[in-house]
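Chains as they are written, first to last, in the working numbering: chain G, 1128 to 1303; chain E, 1128 to 1303; chain V, 1128 to 1303. Beta carbons are placed, not taken as given, at the ideal position from N, Cα and C, and that holds for glycine. Every value quoted in this text rests on a predicted model; they were computed, and no experiment measured them.
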Amino acid sequence: MDEQTQVVVETEEDTGATTTKKTIILFSGEFDKVMAAMIIANGAAAMGDDVTIFCTFWGLNILRKTDKVDAQAKKSFLQKAFGGMMPKGTKKLGLSKMNFAGAGAPLMRKVMRDQNAMSLEELFDSARELGVKFVACTLSMDILGFKQEEMIDGLEYAGVASYLGEADEANVNLFI
Amino acid sequence: MDEQTQVVVETEEDTGATTTKKTIILFSGEFDKVMAAMIIANGAAAMGDDVTIFCTFWGLNILRKTDKVDAQAKKSFLQKAFGGMMPKGTKKLGLSKMNFAGAGAPLMRKVMRDQNAMSLEELFDSARELGVKFVACTLSMDILGFKQEEMIDGLEYAGVASYLGEADEANVNLFI
Amino acid sequence: MDEQTQVVVETEEDTGATTTKKTIILFSGEFDKVMAAMIIANGAAAMGDDVTIFCTFWGLNILRKTDKVDAQAKKSFLQKAFGGMMPKGTKKLGLSKMNFAGAGAPLMRKVMRDQNAMSLEELFDSARELGVKFVACTLSMDILGFKQEEMIDGLEYAGVASYLGEADEANVNLFI
């Protein structure tokens, strides 16, 4: 029996039961939901997990460069309108609840500073330093008219097949 | 050791490490979130996965027939009111963000047409052709007063126990 | 081969392929989303699963005592403001859609009573009786200024590392 027990132990590692890869589809672009995603991602990465955040639709906004990029000539009128109305980067995101016409997120940021909690920007930077992989959904980018030169550096660009391949390898897959 | 290695390999298949079943609880009924669900479902089904979309609460709206069905006599006043105010099918869904009193979704549809992206209706039809299973949550139907004759054909009707049974067999379970 | 087959069977149980633990991050605090979480949790617990609901951000509201607790002296001005504007317990939650300035949830409650469906409060009590574990996210509590004496009894208090540990052991992990 001793040898067979050995097999069981090895098997546990081989069958992927111990995989700790995590994926998050970040669909939402609200301050509080992005915060939740970043806290989970940082926590998992700090524990040694592989983490991929697949940003799609409104979640793409956090990956946009905050400075003006001249890509307007490549966009349709409606894409310019969508792009112009949506926030660039993490600094201008609103709350999903109690937004108070935009005042909610700054108030929550102030409470967080008072508590010495990490800011959303610090969590985002920390996630990237810990090796969390940020993927921009190319289909959503096409629809919203976002161009790669408008996005921050260090991203991967992929579609749903890539997401599914990663999700198949992960043991926790969240849609936020 | 050779024989034991063999055991390990067989075990990998037997323990379900290779299952690629996916489930999605579609709770939301907004155009953009339904789009996300349909893109994931189509992608997974195209890769050969079993996919079940469990529609509940506002997600049930996409399964309603667009033509008038006379089931009013079986409904309470409030159920008629709820039913009357909610969209039937996928064509009237609003956006979760930037809805602009209903103008947001048509604008996003136009951008998608300009990009030659598949429409939501095409994605929905494609999902059904690829064998994605759509389940209508019977408990939500009871609450909202939806009757089976008001729903499109080819659905399954089930409750939370059925969902949990399928989720137990799946390796990716999302709540959208 | 007989002995080795035996190994395979044992392995299935050992590798966690048969685990039926479930985790739910309850981020949202709307009546309909909390209902969905409670229905899933009750269903899973009734089938013998271990279920943990990790309440964070707006989801914390359902864990607040409804009666006045004097913890104001420990809070900043903004935390008092946030706390004062957010609902305590499950009774005052609004709907995520068709809220009609607060009238939506009472209407849905009435429809549910007419259908003899379990109320949200009954589902919440039932979940606790069935052993569903409710965890309050300590980081969110710090930000929103919630103190343990303001929360109902029988909760656990933990952070993201605790969530990740449980999610690693579970086969279904949802973000609601």
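Nearest neighbour of P1233(E), chosen from D1194(E), A1244(E), K1219(E) and S1223(E) [CA to CA]: With distances taken between Cα atoms, P1233(E) lies closest to K1219(E).
Under 8 angstroms between the Cβ atoms of T1179(E) and E1293(E)? yes
Pull up the CB-CB distance for V1333(E) and S1203(G), whole angstroms please, since I reckon it's below 8 angstroms. The question about residue 1333(E) has no answer here: the residues shown for chain E are numbered 1128 through 1303.
Three-state secondary structure (DSSP) at I1152(G)? DSSP, read as helix, strand or coil, puts I1152(G) in strand.
Less than 8 angstroms between the beta carbons of F1261(G) and A1163(E), yes or no? no
T1217(E) and L1257(E) - do their beta-carbons sit closer together than 8 angstroms? no
Rounding to the nearest angstrom, what Cα-Cα distance links L1291(V) and F1227(V) in this structure? 37 angstroms
Backbone CA spacing between K1274(V) and Y1284(V) [nearest angstrom]: Cα to Cα, K1274(V) sits roughly 11 angstroms from Y1284(V).
Would you say T1147(E) faces chain G, with C-beta separation under 8 angstroms as the test? yes
From this set, K1224(G), I1303(G), A1168(G) and M1212(G), which residue's C-alpha is nearest F1251(G)'s C-alpha? A1168(G)
Quick one, are the C-beta atoms of L1301(V) and G1210(V) less than 8 angstroms apart? No, these two residues do not count as a Cβ contact at 8 angstroms.
According to a CB-to-CB cut-off of less than 8 angstroms, which residues of the stretch 1224–1249 of chain V neighbour chain E? K1224, M1225, L1234, M1235, K1237, V1238, M1239, D1241, Q1242 and A1244
Going by DSSP, what residue range makes up the alpha helix (DSSP H) through F1184(G)? For F1184(G), no alpha helix (DSSP H) encloses it, and the DSSP letter there is neither H nor E.
Please list, in chain order, the residues of the stretch 1189–1208 of chain E that have any C-beta partner in chain V closer than 7 angstroms. S1203, L1205 and Q1206
Please report the distance separating the alpha-carbon of L1222(E) from that of R1236(E). 11 angstroms
Give me the Cα-Cα distance between V1299(E) and L1190(V), rounded to the nearest whole angstrom. 29 angstroms
If you check the beta carbons only, do I1303(V) and K1160(V) fall under 8 angstroms apart? yes
Kindly indicate the opening and closing residues of the beta strand (DSSP E) around N1300(E). V1299 to F1302
Opposite Y1284(G) in the DSSP bridges: which residues? A1263(G)
By Cβ distance, which residues of its chain are closer than 8 angstroms to G1175(G), with the 5 residues on each side in sequence left out? T1147
Pull the bridge partners of M1278(E) from the DSSP assignment, please. R1191(E)
Interface positions of the stretch 1261–1277 of chain V facing chain G (Cβ-Cβ less than 8 angstroms), listed along the chain: L1266, D1269, I1270, L1271 and G1272
Below-8 angstroms beta-carbon distance, L1220(V) vs any chain G residue: no
In whole angstroms, what is the alpha-carbon distance linking C1264(E) and G1231(E)? 28 angstroms
Are there 16 or more other CB atoms within 10 angstroms of the CB of T1193(G), so buried, or fewer, so exposed? exposed
From this set, K1201(V), C1182(V) and G1170(V), which residue's C-alpha is nearest A1288(E)'s C-alpha? G1170(V)
Option in G1156(V), E1157(V), I1166(V) and T1150(V) with minimal Cα separation from A1244(V): I1166(V)
Taking the C-alpha atoms as reference points, what is the distance between I1152(V) and M1213(V)? 19 angstroms
Return the bridge partner residues of V1178(V) from the DSSP annotation. BP columns for V1178(V) point to K1149(V).
Contact set between L1187(E) and chain V, taken where Cβ atoms lie within less than 9 angstroms: Correct list: empty, because the minimum Cβ distance to chain V is about 12 angstroms.
Straight-line gap, T1183(G) to G1286(G) (C-alpha atoms, nearest Å): 10 angstroms
Shortest alpha-carbon distance to W1185(E) belongs to which of M1225(V), Q1199(V), G1156(V) and T1150(V)? M1225(V)
Let me know if D1280(E) comes out buried or exposed under the rule of 16 or more other beta-carbons within 10 Å of its beta-carbon. Per the 10 Å Cβ criterion, exposed.
Between which two residues does the alpha helix (DSSP H) carrying A1164(E) extend? Residues F1158 to A1173.
Would you please state the rounded distance, in angstroms, between the beta carbons of A1297(E) and T1150(E)? I believe it to be under 8 angstroms. 5 angstroms
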